[in-house]
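K.L.:
Handing you a structure now.
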Amino acid sequence: MNPIAPSHWSNRDFPVAARELLEDSQTRSNVRHATNVIQAKRDAVAGELPDWQQLREAGEAIRAHSLAHLDYYLEQFEQACTRAGGQVHWARDAAEANQIILGLIQRYHVDEVLKIKTMTSEEVGLNRHLEANGIRAHETDLAELIIQMGGDKPSHFVVPALHKNRMQVREIFQREMHLPELGERPEDLAAAARGYLREKFLRLKVAVSGANFLIAENGAVCIVESEGNGRMCLTLPDVLISLVGIEKVLPRFQDLEVFLQTLPRSATGERMNPYNSIWTGVRQGDGPQEFHVVLLDNRRSPILGDAESRQTLQCIRCAACLNACPVYHQTGGHAYESVYAGPIGAILTPQLHSMEEGRTLPYASSLCGACYEVCPVKINIPEVLIHLRGKIVEEDQKTLSGQLGLWNVGMQAAALLFASASRLSLAQHLGRVAQKLFVARSGMIEHLPLMLSGWTQTRDLRPLPEQSFREWWAGRTPPGDVAKRELAGVDQAAGRGGLHGE
Amino acid sequence: MESRLNARSEVLGAIRSALGVSQDGERIAAEYAALPRGYKREATLTREEMLQLFVHRLEEYGAGVSRIASDGIRDEIAGRVEARGCGRLVIPYDLPTGWLPAGFDFVPYGGGGEASPMLSAAELDRMDGVLTGCTVAVAETGSIVLQSGPWQGSRALTLVPDYHLCVVFAEQVVETVPESFARLEATQSLPTTFFSGPSATADIEMTRIKGVHGPRFLDVLLVE
Numbered sequence: 001m002n003p004i005a006p007s008h009w010s011n012r013d014f015p016v017a018a019r020e021l022l023e024d025s026q027t028r029s030n031v032r033h034a035t036n037v038i039q040a041k042r043d044a045v046a047g048e049l050p051d052w053q054q055l056r057e058a059g060e061a062i063r064a065h066s067l068a069h070l071d072y073y074l075e076q077f078e079q080a081c082t083r084a085g086g087q088v089h090w091a092r093d094a095a096e097a098n099q100i101i102l103g104l105i106q107r108y109h110v111d112e113v114l115k116i117k118t119m120t121s122e123e124v125g126l127n128r129h130l131e132a133n134g135i136r137a138h139e140t141d142l143a144e145l146i147i148q149m150g151g152d153k154p155s156h157f158v159v160p161a162l163h164k165n166r167m168q169v170r171e172i173f174q175r176e177m178h179l180p181e182l183g184e185r186p187e188d189l190a191a192a193a194r195g196y197l198r199e200k201f202l203r204l205k206v207a208v209s210g211a212n213f214l215i216a217e218n219g220a221v222c223i224v225e226s227e228g229n230g231r232m233c234l235t236l237p238d239v240l241i242s243l244v245g246i247e248k249v250l251p252r253f254q255d256l257e258v259f260l261q262t263l264p265r266s267a268t269g270e271r272m273n274p275y276n277s278i279w280t281g282v283r284q285g286d287g288p289q290e291f292h293v294v295l296l297d298n299r300r301s302p303i304l305g306d307a308e309s310r311q312t313l314q315c316i317r318c319a320a321c322l323n324a325c326p327v328y329h330q331t332g333g334h335a336y337e338s339v340y341a342g343p344i345g346a347i348l349t350p351q352l353h354s355m356e357e358g359r360t361l362p363y364a365s366s367l368c369g370a371c372y373e374v375c376p377v378k379i380n381i382p383e384v385l386i387h388l389r390g391k392i393v394e395e396d397q398k399t400l401s402g403q404l405g406l407w408n409v410g411m412q413a414a415a416l417l418f419a420s421a422s423r424l425s426l427a428q429h430l431g432r433v434a435q436k437l438f439v440a441r442s443g444m445i446e447h448l449p450l451m452l453s454g455w456t457q458t459r460d461l462r463p464l465p466e467q468s469f470r471e472w473w474a475g476r477t478p479p480g481d482v483a484k485r486e487l488a489g490v491d492q493a494a495g496r497g498g499l500h501g502e
Numbered sequence: 503m504e505s506r507l508n509a510r511s512e513v514l515g516a517i518r519s520a521l522g523v524s525q526d527g528e529r530i531a532a533e534y535a536a537l538p539r540g541y542k543r544e545a546t547l548t549r550e551e552m553l554q555l556f557v558h559r560l561e562e563y564g565a566g567v568s569r570i571a572s573d574g575i576r577d578e579i580a581g582r583v584e585a586r587g588c589g590r591l592v593i594p595y596d597l598p599t600g601w602l603p604a605g606f607d608f609v610p611y612g613g614g615g616e617a618s619p620m621l622s623a624a625e626l627d628r629m630d631g632v633l634t635g636c637t638v639a640v641a642e643t644g645s646i647v648l649q650s651g652p653w654q655g656s657r658a659l660t661l662v663p664d665y666h667l668c669v670v671f672a673e674q675v676v677e678t679v680p681e682s683f684a685r686l687e688a689t690q691s692l693p694t695t696f697f698s699g700p701s702a703t704a705d706i707e708m709t710r711i712k713g714v715h716g717p718r719f720l721d722v723l724l725v726e
């Protein structure tokens with residue numbers, strides 16, 4: 001078996017992982033509560049803007065344009081950032097990104113670094129790589145701190161510890177921060193994090209961040225956050241290293257006027273998050289005097305070549321699609337076994353692994369379209385899900401075991417059946433006879449055999465009716481006669497009406 | 503070093519081969535100029551409605567707000583600082599001295615020289631608060647924008663102390679986010695910080711609570 005990439009935790013199929021999580025009623029109730037709260041807030045603040053749809057359209061157009069000319073804008077960013085005193089590095093894959101960052105940190109002979117929440121660093125497994133080389137990375141975002149201290153994994157990329165409630169957080173902090181008297185109010189827990197991290201912010205010399213946006217025209221980097229831990233890391237250390245996916249570039253500074261409206265409203269349901277930082281290179285007397293940007297490909301570039309799924313890279317990581325998704329609501333993020341969970345994770349994860357891992361994720365959706373409706377950059381996730389399902393089937397059909405597999409044989413048979421009316425009718429007759437074996441006392445089919453058992457695992461199936469629609473249609477009264485009768489009825493009614501009027 | 507150059511050309515090469523043809527700058531600029539921008543970019547409220555909205559948004563975030571006339575700045579600063587129990591505040595070295603009431607210790611920062619040395623983060627942490635101006639403010643979102651411009655100092659100054667008192671002039675307030683970007687365009691490469699209320703988090707059960715790592719207390723003087 002291939003070694004598992006850090007961004008994909010295991011090769012377990014979604015249905016297997018989901019089943020396990022569905023039995024964890026505490027996590028389910030935490031996830032349900034949190035997603036309901038964010039979604040209600042998001043709906044209110046997105047709904048109050050009369051130009052919300054125009055903002056989505058502009059956001060989509062700007063992101064699609066940036067991706068269509070990604071080489072041009074990345075080179076422009078590199079030039080501008082370098083001119084402003086930043087240093088730009090390129091990483092083909094996770095291993096190269098880790099190696100570059102480790103090398104930079106080792107130059108300063110430090111064994112501790114600060115970190116701002118970055119899913120990209122989760123994607124490359126940076127913390128583990130640093131730890132293996134004797135460097136401790138301190139997560140500073142409250143939720144990431146909870147995850148790190150609890151030895152847990154993020155389940156949501158805006159609120160990574162959304163699956164934990166206050167009592168669980170208190171337990172972790174009591175144990176890890178040695179605060180036996182710690183209270184359970186969110187205020188107490190935030191104050192504990194402030195006290196614990198303050199000393200580190202003031203002392204540590206190197207910080208690692210991600211970025212929300214890169215600006216090509218002036219080489220600026222933008223980070224959107226709430227707590228001020230980001231500002232601490234961007235401002236106080238001597239050295240800042242930002243690891244950023246190549247897709248995050250925007251052409252111009254002014255483009256932020258769109259995304260700084262749609263991102264906070266979509267992500268946390270706020271009109272504006274407490275802090276946005278935008279900086280360009282190095283500025284004397286203000287902030288880190290050494291600044292590095294590591295641009296990460298890690299199999300993003302091949303996605304650009306697929307016209308239908310390129311839009312996946314438009315994502316600005318607001319996680320609104322997670323909060324809106326009925327599947328995510330039930331399972332939470334861990335069932336996706338991936339750094340990127342939810343609907344966007346279901347399309348991004350398999351593509352980041354050249355469709356070799358996460359192959360069940362495109363099926364982890366009811367295709368209801370709620371994700372598309374809330375997406376601030378209008379990624380048509382259901383369309384990409386279907387496209388990826390198609391790719392998976394096509395690839396399966398290339399192998400002998402795929403061709404002879406039950407699914408393929410079944411689907412090919414179904415295709416033959418539906419292609420001809422007489423064959424369909426014959427199949428219906430046979431079905432009515434065969435189903436007698438399976439119809440339960442309730443009048444419903446509760447269990448089906450073999451590959452069909454997946455359907456009846458979670459629901460009952462209504463049996464085929466005595467008569468099909470086509471049979472009914474053939475035996476009905478001809479439409480002309482019905483129309484005549486109805487017209488006669490109308491005449492009679494009109495006549496009565498006239499009498500009353502006289 | 504060689505492997506680094508390889509990485510750069512390989513990544514750019516992979517992007518180019520995925521995209522097909524890359525276009526020249528002029529074509530790209532024309533395409534960019536034609537992108538749809540049908541969203542609201544201009545104000546729709548009257549000046550007074552806009553200022554009221556700004557005050558309302560700040561109050562929703564839990565900031566204290568006073569609307570005052572320009573000759574009342576010094577007295578209001580005295581009142582606010584007194585009420586917060588602050589004795590020693592750091593100020594950008596170029597802040598107007600006319601703003602500063604007697605009876606408090608105002609420590610200038612960032613001008614260079616002995617009168618206004620650079621303070622370390624630990625020294626800033628020992629201050630009771632910070633007093634600054636701003637570059638622009640957005641009514642619709644209750645946001646205030648700081649750049650390393652006049653009366654604002656560097657980023658650490660407004661981050662480490664636990665209390666921030668910010669003076670905003672009415673003419674610095676715009677209604678919408680796009681208007682604020684139009685005003686920031688010329689100075690876009692300065693370090694820029696948007697702040698909207700005191701620092702906060704909703705990471706625990708999605709309850710917004712004030713005060714994590716940035717200033718936990720914020721007062722704004724809106725001057726007309």
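Top to bottom, those sequences are chains H and P.
Numbering of the first sequence is given in this note's numbering, commencing with residue 1 and proceeding in unit increments.
Numbering of the second sequence is given in this note's numbering, commencing with residue 503 and proceeding in unit increments.
Note that the Cβ used here is the ideal one computed from N, Cα and C, for glycine as well.
How many angstroms separate the CA atom of A474 of chain H from the CA atom of I303 of chain H?
P.N.:
Distance between the alpha carbons of A474 of chain H and I303 of chain H is about 50 Å.
K.L.:
Out of H:A346, H:P350, H:V377 and H:R359, state which residue places its alpha-carbon closest to the alpha-carbon of L367 of chain H.
P.N.:
Taking only the C-alpha atoms, the option nearest L367 of chain H is H:A346.
K.L.:
Express the C-alpha separation of S29 of chain H and M708 of chain P in angstroms, rounding to a whole number.
P.N.:
Between M708 of chain P and S29 of chain H, the C-alpha separation is close to 13 Å.
K.L.:
Taking contact to mean at least 3 C-beta pairs separated by less than 8 Å, is the stretch 205 to 222 of chain H in contact with the stretch 277 to 287 of chain H?
P.N.:
Verdict: yes, contact present.
K.L.:
Is the beta carbon of E677 of chain P sitting closer than 8 Å to the one on A624 of chain P?
P.N.:
No; because the gap between Cβ atoms is not below 8 Å, this pair is not in contact.
K.L.:
Is the stretch 631 to 640 of chain P touching the stretch 654 to 669 of chain P in the sense that three or more CB pairs, one from each, lie closer than 8 Å?
P.N.:
At 8 Å Cβ cutoff, the stretches touch.
K.L.:
For G150 of chain H, which residues in the same chain have their Cβ closer than 6 Å to its Cβ, ignoring the five residues on either side in sequence?
P.N.:
If we look at G150 of chain H and ignore the five residues flanking it on each side, its Cβ neighbours are I172.
K.L.:
Straight-line CA distance for R42 of chain H to F418 of chain H?
P.N.:
Going from the Cα of R42 of chain H to the Cα of F418 of chain H covers about 43 Å.
K.L.:
Taking only the alpha-carbon atoms, compute the straight-line gap between L313 of chain H and G600 of chain P and give it to the nearest angstrom.
P.N.:
Straight-line Cα distance between these residues: approximately 52 Å.
K.L.:
For chain P, find out if any of its Cβ atoms is closer than 8 Å to the Cβ of A324 of chain H; answer yes or no.
P.N.:
For A324 of chain H, the answer is no, since every Cβ of chain P falls outside 8 Å of its Cβ.
K.L.:
Can a CB atom of chain P be found closer than 8 Å to the CB of D396 of chain H?
P.N.:
So, not an interface residue.
K.L.:
In chain H, what lies closer than 8 Å to Q525 of chain P by C-beta?
P.N.:
The contacting residues are H69 and Y72.
K.L.:
Going by CA-CA distance only, name the one from H:H353, H:Q254 and H:H387 that's closest to P680 of chain P.
P.N.:
It is H:Q254.
K.L.:
Ignore the nearest five residues each way along the sequence and tell me which others in P237 of chain H's own chain have a CB closer than 8 Å to its CB.
P.N.:
Same-chain partners within the cutoff: L114, L204, K205, V206, A207 and P288.
K.L.:
Going by DSSP in three states, F173 of chain H sits in which element: helix, strand or coil?
P.N.:
DSSP places F173 of chain H in helix when its eight states are reduced to three.
K.L.:
Measuring alpha carbon to alpha carbon, tell me which of H:V327, H:R175, H:T235 and H:E184 ends up nearest Y363 of chain H.
P.N.:
Checking every option, the nearest Cα to that of Y363 of chain H belongs to H:V327.
K.L.:
Quick check: the Cα distance between L250 of chain H and Q54 of chain H, rounded to an integer number of angstroms?
P.N.:
Near 18 Å, if we compare the C-alpha coordinates of Q54 of chain H and L250 of chain H.
K.L.:
A604 of chain P to L240 of chain H, Cα distance in whole Å?
P.N.:
Distance between the alpha carbons of A604 of chain P and L240 of chain H is about 40 Å.
K.L.:
What separation, rounded to the nearest whole angstrom, lies between the Cα atoms of E58 of chain H and V377 of chain H?
P.N.:
Before going further, note that residue 58 of chain H is Ala rather than Glu in the sequence given. Cα to Cα, the separation comes out at about 8 Å.
K.L.:
Rank P:Q690, P:L553 and P:S701 by C-alpha distance to the C-alpha of E187 of chain H and give the top, closest one.
P.N.:
Among P:Q690, P:L553 and P:S701, the Cα nearest to that of E187 of chain H belongs to P:S701.
K.L.:
Counting only Cβ pairs nearer than 7 Å, list the residues of chain A close to A84 of chain H.
P.N.:
Protein chains H and P are contained in the structure displayed, whereas chain A is not.
K.L.:
Mind the definition here: the stretch 257 to 270 of chain H touches the stretch 316 to 325 of chain H only if three or more C-beta pairs lie below 8 Å; say whether that holds.
P.N.:
The stretch 257 to 270 of chain H, when compared against the stretch 316 to 325 of chain H, does touch it at the 8 Å Cβ threshold.
K.L.:
Residues of chain P with CB under 7 Å from D152 of chain H, in chain order?
P.N.:
Neighbours of D152 of chain H on chain P: none; closest Cβ ~13 Å, over 7 Å.
K.L.:
Throw me the rounded Cβ distance for the H715 of chain P and R310 of chain H pair, which I believe falls under 8 Å.
P.N.:
38 Å between Cβ atoms; not a contact.
K.L.:
For the beta strand (DSSP E) that H220 of chain H lies in, which residues bound it at each end?
P.N.:
Correcting the residue identity first, residue 220 of chain H is Ala in this sequence and not His. Unbroken beta strand (DSSP E) run through A220 of chain H: A220 to E225.
K.L.:
Which partner residues does W90 of chain H have in the DSSP bridge list?
P.N.:
In DSSP, W90 of chain H forms a bridge with H:L295.
K.L.:
Specify whether the stretch 57 to 71 of chain H and the stretch 351 to 363 of chain H touch according to this definition: at least 3 beta carbon pairs, one from each stretch, less than 8 Å apart.
P.N.:
Cβ pair count under 8 Å is below three, so no.
K.L.:
Name, please, each residue of chain H whose Cβ falls closer than 8 Å to the Cβ of L537 of chain P.
P.N.:
Those within 8 Å of L537 of chain P in chain H are A58, A61, I62 and H65.
K.L.:
On the premise that S682 of chain P lies in contact with V638 of chain P, defined as a C-beta separation below 8 Å, what is that separation, rounded to the nearest angstrom?
P.N.:
Confirmed, about 5 Å.
K.L.:
Contact criterion: CB-CB distance below 8 Å. Does I517 of chain P meet it with respect to chain H?
P.N.:
Closer than 8 Å to some Cβ of chain H, the Cβ of I517 of chain P qualifies, so yes.
K.L.:
If you scan the stretch 434 to 471 of chain H from start to end, which runs of the alpha helix (DSSP H) of 4 or more residues do you find wholly inside it?
P.N.:
Runs of the alpha helix (DSSP H) inside the stretch 434 to 471 of chain H: 453 to 457.
K.L.:
Which chain H residues sit within Cβ distance under 7 Å of L648 of chain P?
P.N.:
None at all; the shortest Cβ gap to chain H is about 10 Å.
K.L.:
Where does Q525 of chain P fall in DSSP's three states?
P.N.:
The answer is coil: DSSP assigns Q525 of chain P none of H, G, I, E or B.
K.L.:
State the DSSP-derived secondary structure class of Q403 of chain H, mapped to helix, strand or coil.
P.N.:
Correct three-state label for Q403 of chain H: helix.
K.L.:
Less than 8 Å between the C-beta atoms of E184 of chain H and R170 of chain H, yes or no?
P.N.:
In this structure, R170 of chain H lies closer than 8 Å to E184 of chain H by Cβ.
K.L.:
Give a yes or no on whether the C-beta atoms belonging to N11 of chain H and E123 of chain H are separated by under 8 Å.
P.N.:
Against a cut-off of 8 Å, the Cβ pair of E123 of chain H and N11 of chain H comes out as no contact.
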